[in-house]
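Structure, as structure tokens:
There are 2 protein chains.
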Amino acid sequence: MPTDSTTVHSRRERVRAATVEEIKQTALTLMRESGTAEVRFTDIARLMGITAPALYRYFADRDELLTALVADSFDSLAAALAGAQESVPADDLGGRFLAICSAYRSWALGDPQRFALIFGVPVPSYQAPPDGPTAEAGQRALDHLAALVTDTARLGRLGPPLVAPAAPAVPAAAGTLAEKTEHCADGLAPEIYQVLLLTWSTLHGFVSLEVYGHFNWLDATTLDHLFTTQVRAAALVAGLVQPA
Amino acid sequence: MPTDSTTVHSRRERVRAATVEEIKQTALTLMRESGTAEVRFTDIARLMGITAPALYRYFADRDELLTALVADSFDSLAAALAGAQESVPADDLGGRFLAICSAYRSWALGDPQRFALIFGVPVPSYQAPPDGPTAEAGQRALDHLAALVTDTARLGRLGPPLVAPAAPAVPAAAGTLAEKTEHCADGLAPEIYQVLLLTWSTLHGFVSLEVYGHFNWLDATTLDHLFTTQVRAAALVAGLVQPA
DNA sequence: CATGGACGTTACGAGACGTAACACTTATGA
DNA sequence: TCATAAGTGTTACGTCTCGTAACGTCCATG
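Taken in order, these protein sequences are the chains called V and E.
Take the position in the first sequence, starting the count at 1, then add 259; the result is the number in this note's numbering.
Take the position in the second sequence, starting the count at 1, then add 259; the result is the number in this note's numbering.
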């Protein structure tokens, strides 16, 4: 007999949650095997040993399931980035940066379909809810990088970016960045936020091309070195590390 | 009465080519309206005033149509990059670089669905032919950037990259790059080819995130400035321009 | 004018989504 | 203890799309 309805779940709720989890895991399995589009209710049900209409007791339609998968993927990415940082001393900023970038890459390469689910074109006729959990979860994944940049600035080790900040003569732009800043944990300065974005896009560019196979003609060793170079370049441009 | 079967096409062939073109254009229209996945033979046929099975006289199946669209998109991107360069003096290397990058971005923003078609996860259950025209067309689009880097090196204006080339101690990696080099027009040195790839991925990262809406919370002016900054940073890192 | 090929049509089967109606299980409460 | 209600799963069904098959129709060629 459950006593607390908020923290303790009834048996029914636990079973239901387990079923939801099984559905999502089965969908992920199918996605990894056959691509993002091959998430068929029919197949999920068959793998689970039930019939397709039963799934509609848990997800209103295909979009709702995909939305859940996207949200979970953001969580997974955020967890991967967080875990990578924990294995590096907090004051080793260069190491933390490399760890974050490597974790981003490893996560993407280890689960390309989920990467595509998050950062690619959504999926056949799937439109992500504009203000749903998706957008917020994306911010969360990015916040790890933001935290690193903030720490670097706090420790006084953030050098001037090699390229002058954009839009110095246009206060409106800075204002816009400042708005976003408030949403961020500790009120990053616009310049720092810009550094963060450019770093992210540099990192993302390499990983994205690699994941989608546009570097397939290079061998793994070469790719590793190229990635390291790209990360070092990004850190240098951002002022996260000092030129040698 | 057609005389030359290689250059002159019969009336039938011309009509057929026009129909093929109309099918592709209609598919693109649908794709731009409703997303990459909404390319239904039924809808294409309805818009064209014919019935769906008629389309199978021109494309064996959905994949074949999509492959054609991908190939055309690469052509379009390559043409956009080529056109951008023509409007800039050949010896204005910085200008050419900015022009290429801007064209890349403009092309992507002007037709996000085609960008996704090329660089995203292919499409519902669509697997690009491994050695089909797709891969080669991708190289062609990239060759414009390669030509620029080559020209810069020829004119002796390619400074040393700000970040040491990757894998200096691993000849195998350089060998791999050298292999690819032979495929390229003029035998780029491995270092130069690396610069090209890193530049491309930096450019692609920003554009990709922007196209897929991950920068939606920034206004257009801010984005323009950020893009310029990103491009300048890439050029600097690559050694395409000298530090001030 | 007869023939063959290209083009388009209707008819059809397979498969996936999503709904409706029904049956079984489980928790709750008089 | 037993009746009721909610939750879960099933079968049956309608709709849509893909892709094939079989059948006309038009036009170019001899």
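C-beta atoms are modelled at their ideal positions from N, C-alpha and C, and glycine is treated no differently.
- V:Gln489 reaches chain E at Leu457, Ser460 and Thr461, counting residues in chain order whose Cβ is nearer than 8 Å.
- Straight-line measurement puts the Cα of V:Ser332 at about 10 Å from the Cα of V:Thr326.
- Proximity of E:Gly379 to chain V, defined by a Cβ-Cβ separation below 8 Å, is satisfied.
- No Cβ of chain E is located within less than 8 Å of the beta carbon of V:Gly415.
- Taking 8 Å as the upper bound for CB-CB distance, V:Ile377 and V:Val329 are in contact here, some 6 Å apart.
- When Cβ-Cβ separations below 8 Å define contact, E:Leu306 makes no contact with chain V.
- Residue E:Ser335 holds the alpha-carbon nearest to the alpha-carbon of E:Ala367 among E:Ser335, E:Tyr315 and E:Ala286.
- With respect to chain E, the C-beta atom of V:Gln284 has no partner C-beta closer than 8 Å.
- DSSP places V:Asp351 in the coil class of the three-state scheme, outside both helix and strand.
- For V:Gln501, no alpha helix (DSSP H) segment is defined, and its DSSP state is neither H nor E.
- Judged by DSSP in its simplified three-state form, V:Arg299 adopts coil rather than helix or strand.
- Within chain V, no C-beta atom comes less than 7 Å from the C-beta of E:Ser335; the nearest is roughly 18 Å away.
- Judged by DSSP secondary structure, E:Ala276 falls within the alpha helix (DSSP H) whose first and last residues are Arg270 to Ser293.
- Judged by beta-carbon spacing, V:Gln501 lies within the 8 Å limit of V:Gly418, meaning their Cβ atoms are closer than that value.
- Its Cα nearest to that of V:Arg316, the residue V:Val279 stands out among V:Leu482, V:Val279, V:Phe374 and V:Asn475.
- Residue-level contact check: V:Ser467 touches chain E, since one or more beta carbons of chain E fall below 8 Å from its beta carbon.
- For V:Arg413, the closest alpha carbon among the candidates V:Arg291, V:Leu499 and V:Asp322 is that of V:Leu499.
- In terms of Cα proximity to E:Leu404, the closest of E:Ala296, E:His463, E:Val298 and E:Met290 is E:His463.
- For V:Val279, the nearest beta carbon of chain E is not closer than 8 Å to its own beta carbon.
- With respect to chain V, the C-beta atom of E:Val329 has no partner C-beta closer than 8 Å.
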